[in-house]
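A.B. asks:
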Amino acid sequence: MNKIINAVLGSCLLASALAPVASAAAPVDPTRDAHIQLTVARTQGETETVGFIWLNCPGQSGQDHPRTRAACADLHTAHGDFARLPGQDTAICSNDAGPVTVAAHGTYQGRQIRWERTFDNDCELTLATGPVFDF
């Protein structure tokens, strides 16, 4: 009987000793698995130019997306919802008008992302999406 009690007490002590170690683990980065292909298509008259780039979060600026840190921060603020990106308050705009269609396809925190929107011009795009499509 004493052996059983000692085994149970030993197990409880071991479990309580390991509990703080498990709870002290580093927090998981909320954007760790963001892997999204961004596409920008601009139309000027009869000419259309298309560019794409990968946004991987977390990441370093200069690896794929030129403004990775800022784009990932905005994506995190919007909880992966491209329609809720904080955008920018101001932008330098020209009088050039040409539709810009942007798309995002990939994963954010394990869920599929499929988003597309057309803006009247680059200025509207920048005001709505900030650094995310700035490449």
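The sequence shown begins at -13 in our numbering and counts up by one.
Cβ atoms here follow ideal geometry from the backbone N, Cα and C, with glycine treated the same way.
Predicted model, so just to flag it, every value in this text is computed and none were measured.
1) Mapping the DSSP letters down to three states, classify residue 79 as helix, strand or coil.
2) For residue 29, which residues in the same chain have their Cβ closer than 7 Å to its Cβ, ignoring the five residues on either side in sequence?
3) If the criterion is Cβ atoms closer than 7 Å, does the pair residue 117 and residue 70 meet it?
4) Restricting to Cα atoms, I'd like to know which of 64, 51 and 45 is closest to residue 25.
5) Which runs of the beta strand (DSSP E) at least 3 residues long sit entirely within the segment 39 to 115? Give them in chain order.
6) Contact defined as beta carbons within less than 8 Å: I believe residue 104 pairs with residue 87. What is the distance between those atoms, to the nearest angstrom?
7) Classify residue 66: buried if its beta carbon has 16 or more other beta carbons within 10 angstroms, exposed otherwise.
8) Mind checking residue 58: buried by the 16 CB within 10 Å criterion, or exposed?
9) Can you tell me which of 112, 43, 81 and 79 puts its alpha carbon nearest to the alpha carbon of residue 92?
10) Beta-carbon within less than 6 Å of residue 56's beta-carbon, same chain only, minus the 5 sequence neighbours each way: which residues are those?
11) For residue 20, I'd like the list of residues in its chain whose CB is within less than 6 Å of its CB, leaving aside the five on either flank, ordered along the chain.
12) Between residue 75 and residue 22, what straight-line distance do the alpha-carbon atoms span, to the nearest angstrom?
C.D. replies: To lay it out plainly:
1) The residue you call residue 79 lines up with position 93 of the sequence shown. Coil.
2) Here residue 29 corresponds to residue number 43 of the sequence shown, with the count starting at 1. Hits under 7 Å: 84 and 85.
3) Taking the first residue of the sequence shown as 1, we reach residue 117 at position 131. Taking the first residue of the sequence shown as 1, we reach residue 70 at position 84. Going by C-beta atoms, residue 117 is not nearer than 7 Å to residue 70.
4) Within the sequence shown, numbered from 1, the residue matching residue 25 stands at position 39. Comparing Cα positions, the closest option is 51.
5) 86 to 94 and 97 to 105
6) Start at 1 with the first residue of the sequence shown, and residue 104 comes out as number 118. Start at 1 with the first residue of the sequence shown, and residue 87 comes out as number 101. Contact holds; Cβ gap of about 4 Å.
7) The residue you call residue 66 lines up with position 80 of the sequence shown. Buried, because 16 or more other Cβ atoms sit within 10 Å of the Cβ of residue 66.
8) Here the question's residue 58 lines up with position 72 in the sequence shown. The residue in question, residue 58, is buried, as its Cβ has 16 or more Cβ neighbours within 10 Å.
9) By one-based count along the sequence shown, residue 92 stands at place 106. Nearest C-alpha to residue 92: 43.
10) Taking the sequence shown and counting its residues from 1, one reaches residue 56 at position 70. Excluding sequence neighbours, residue 56 sits near 117.
11) As a position in the sequence shown, residue 20 is number 34, starting the count at 1. Same-chain partners within the cutoff: 43 and 94.
12) Working through the sequence shown from its first residue, we reach residue 75 at position 89. Working through the sequence shown from its first residue, we reach residue 22 at position 36. Approximately 25 Å between the Cα atoms of the pair.
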